[in-house]
Amino acid sequence: MNSDRITETAYLQRIVPALLEWYPGHRRDLPWRVHPLPYYVWISEVMLQQTRVETVIPYYRRFLKELPSVGDLACCPPEKLMKLWEGIGYYSRARNLQKAAKVVMEVYGGCMPDTKEELLKLPGIGSYTASAISSIAYGRCEAAVDGNVLRVSTRLLEDSGCIDEPKVKKRWEKIWTAVMRQYQESCPEKGSFPGTFNQAMMEIGATVCVPGGAPACSRCPLSAFCLAHLHEGELLYPVRKTKRPRRVEKRTVLLLTDGGRIALRKRSGKGLLAGMWELPNEEGTLTREEALSYAEKLGLSPLRIRPLPHARHVFTHIEWEMTGWQVLAETLEDLKTCGMEPAGQAAAAAETAADRTGLSVSGAWALASVQQAETQYAIPAAFSAYLKVAGIRPKAMLQRERKESAVPEAGYEGSHGSR
DNA sequence: AAGTCGGGGCT
DNA sequence: AGCCCAGACTT
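Residue numbers for the first sequence follow my numbering, so the first one is 918 and each next one is one higher.
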């Protein structure tokens, strides 16, 4: 076992020169690679957790424009923070980011810690992200092992270990960290090596040794070392557990409107889509009559009701099959004083007390114009089909900025060795 | 070890 | 329709 590891490390040591030679000519110019400051690397890495590079880029630009420093993040109003994260998913990432920013301000005087050990103590920073920050921003030899690196690694050595198992990931972290430290000893002059090494591995995983279909081995600088390629078995790796099926949930979404504004409801601070704004919705499939009486129960006096198209939204472990009703009422003001279910009332009151936002919120409800819904309320994509009916585009703000900053791609030169 | 937590793009 | 993505956290 132990001797195996020594053998693996010695074998993999040989790929380092090929990797480092390949990287400068093939790296993508990504915004967070221009000036790899700790804060920038941190934000980018958290956004990139389970999220594609192309998706992240506009979010990253806008986030740093609005919150250029750790201090700005630490004191950002939560509603604004969630709006900046709207549509990118896994919203606890944003909340943890702010929690960690407050710790960095209070404990570390506004300066990100530089060791993996210290970084790991911050909420939202796990093994991968801690290694990425300490290597890319601080030049420390910590292997950042993500899905890309695991795919490249298991193919390189025909490792049949299941990459869902923590022990497999830990094993590769140890192997690559050993490889990095040995190389660093032989070439101690290059301080940017750790960041370059990690990013080069991920770059190969993202652009060459790709999932879903055949990898581009003819373009791979590591193909000569790759056992899977040698045996034409690239597609056999990595091995993953089969995922269990999603739970299907039927929901009915209500688009309550007075012709000018719509009703939004704030979700619980815990669980799915925590703290986000939503269109009021109920489990199950409501008939026209049931939808009407629901609106009345909320204190409204419906004038008209019409069915909306069915819609589906797929989460990681749940699937919503939605049906919708649009209910027109003379006024929505009654929602503000009525319509709260007893169970949700205490929680909602506690939440509104907890984060003062300045928005027109009363209890867990808000009345929003199209303009306000697009610019002030963070609403998850799950409701986009029904928001569209009301003329609301959930990510309108992001699209706007995407156009404005379409041309000036940040990287020109001067960001070579990735530091 | 298994479950929770989003959304989108590609096969 | 299924897969996976620069994963982390809770139980």
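Where a beta carbon is used, it is the ideal one built from N, C-alpha and C, also for glycine.
Predicted model, so just to flag it, every value in this text is computed and none were measured.
In this structure, the beta-carbon distance from W1093 to L1067 does not fall below 8 Å.
When rounded, the separation of the alpha-carbon atoms in A1302 and I1309 is 9 Å. In this structure, W949 is the residue among W949, S1286, A1290, L1315 with its C-alpha nearest to the C-alpha of Q1116.
As a beta-bridge residue in DSSP terms, T1174 pairs with I1179, L1245.
In the three-state scheme derived from DSSP, where H, G and I count as helix and E and B as strand, R1221 is classed as strand.
The C-beta of C1058 has 16 or more other C-beta atoms within 10 Å across all chains shown, which makes the residue buried. Ranking R1157, K1158, C1126 by CA distance to the CA of C1143 puts C1126 first.
For R945, the secondary structure class from DSSP, reduced to helix, strand or coil, is coil. Assigned with DSSP and collapsed to three states, S1044 falls in helix. In this structure, A1180 lies away from S1218, with their beta-carbon atoms at least 8 Å apart. Between the segment 974–993 and the segment 1012–1021, the count of C-beta pairs closer than 8 Å reaches three or more; the two stretches touch.
For L1037, the secondary structure class from DSSP, reduced to helix, strand or coil, is coil. The Cβ atoms of M1193 and Y1008 lie closer than 8 Å to each other.
DSSP places I1296 outside both helix and strand once states are collapsed to three, so it counts as coil.
Under the 10 Å beta carbon count, R1178 is surrounded by 16 or more other beta carbons and is classified as buried.
For H1146, the three-state secondary structure derived from DSSP is helix. Listed in chain order, the non-local C-beta contacts of A1307 below 7 Å within the same chain comprise L1172, T1174, I1179, V1287, local neighbours out to five positions each way being set aside. P955 carries a helical assignment under DSSP once its states are collapsed to helix, strand and coil. A residue is called buried once 16 or more other Cβ atoms fall within 10 Å of its Cβ, and K1084, having fewer, is exposed. With respect to the C-alpha of L1252, the residue from Y1100, A1285, R1136, E1102 having the closest C-alpha is A1285.
When beta bridges are read from the DSSP output, R1229 appears opposite E1238. DSSP lists R1168 as the bridge partner or partners of E1200. Here A1011 carries a helix assignment [DSSP, helix/strand/coil].
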